[in-house]
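For reference, the structure is listed below as structure tokens.
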Amino acid sequence: MIKNTKLYSILFEKCPKCCIGDFYKDKNIFSLKTFVDSPNNCHHCGEAFEKEVGFYYGAMYVSYGLNVGLGVGLFSLTVLVLNFSLFAFLGTYAGLILILFQWIMRKSRLIYINLFVHFDKSKQ
Ligand SMILES: [Zn+2]
Numbered sequence: 249m250i251k252n253t254k255l256y257s258i259l260f261e262k263c264p265k266c267c268i269g270d271f272y273k274d275k276n277i278f279s280l281k282t283f284v285d286s287p288n289n290c291h292h293c294g295e296a297f298e299k300e301v302g303f304y305y306g307a308m309y310v311s312y313g314l315n316v317g318l319g320v321g322l323f324s325l326t327v328l329v330l331n332f333s334l335f336a337f338l339g340t341y342a343g344l345i346l347i348l349f350q351w352i353m354r355k356s357r358l359i360y361i362n363l364f365v366h367f368d369k370s371k372q
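Note that the working numbering has the sequence shown beginning at 249, numbered continuously upward.
Below, the structure written as structure tokens:
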């Protein structure tokens, strides 16, 4: 149903052009040395993943947005609904960011490249 969409590419970490090739070399997000390493080109369609030097610096803005969204959502849940103290919220938020750091960074890069690369049916 969502195959061949940007959402599929982001969720399953696939090439945004063909939705078949893997975007990352290593599927293990807990490998601190290689968790954001991606091949230079898609092994299926040949799409370049490194558009230019420093291309993924823009993913920092996506990451910032995801972290702010997470913070607002967590604040709404913990402080406004569950009546946590502000310090309990900040501790929970800091812990959650530390746990989700690699996941958010990987998703940010995928969201960012999906802004510029669109699905091409002829590449399948
Ligand atoms: Zn591809």
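Note that the Cβ used here is the ideal one computed from N, Cα and C, for glycine as well.
Classification of Phe278 by the beta-carbon crowding that lies within 10 angstroms, buried from 16 upward: Against the sequence shown, residue 278 aligns to sequence position 30. Exposed.
Compute the distance between the beta-carbons of Tyr360 and Gly317, then report whether it is under 8 Å. Locating residue 360 in the sequence shown gives position 112, counting from the first residue. Locating residue 317 in the sequence shown gives position 69, counting from the first residue. No. Outside cutoff.
Inter-residue spacing [alpha-carbon to alpha-carbon] between Cys293 and Lys251: For this step, residue 293 is matched to residue 45 along the sequence shown. For this step, residue 251 is matched to residue 3 along the sequence shown. One C-alpha to the other measures close to 16 Å.
Is any heavy atom of ligand 1 found at a distance shorter than 7 Å from the C-beta of Lys265? For this step, residue 265 is matched to residue 17 along the sequence shown. Ligand 1 approaches Lys265 closely enough that one of its heavy atoms is under 7 Å from the residue's Cβ.
Kindly indicate the opening and closing residues of the alpha helix (DSSP H) around Gly340. By one-based count along the sequence shown, residue 340 stands at place 92. One point to set straight first is that residue 340 is Thr, not Gly, in the sequence displayed. That run of the alpha helix (DSSP H) goes 334-364.
Taking just the CA atoms, how far does Lys265 sit from His366? Within the sequence shown, the letter at position 118 stands for residue 366. Within the sequence shown, the letter at position 17 stands for residue 265. The straight-line gap from Cα to Cα measures roughly 6 Å.
How about Ser356 and Val310: are their beta carbons less than 8 Å apart? Translated into positions along the sequence shown, residue 356 becomes position 108. Translated into positions along the sequence shown, residue 310 becomes position 62. Result yes, Cβ atoms of Ser356 and Val310 sit closer than 8 Å.
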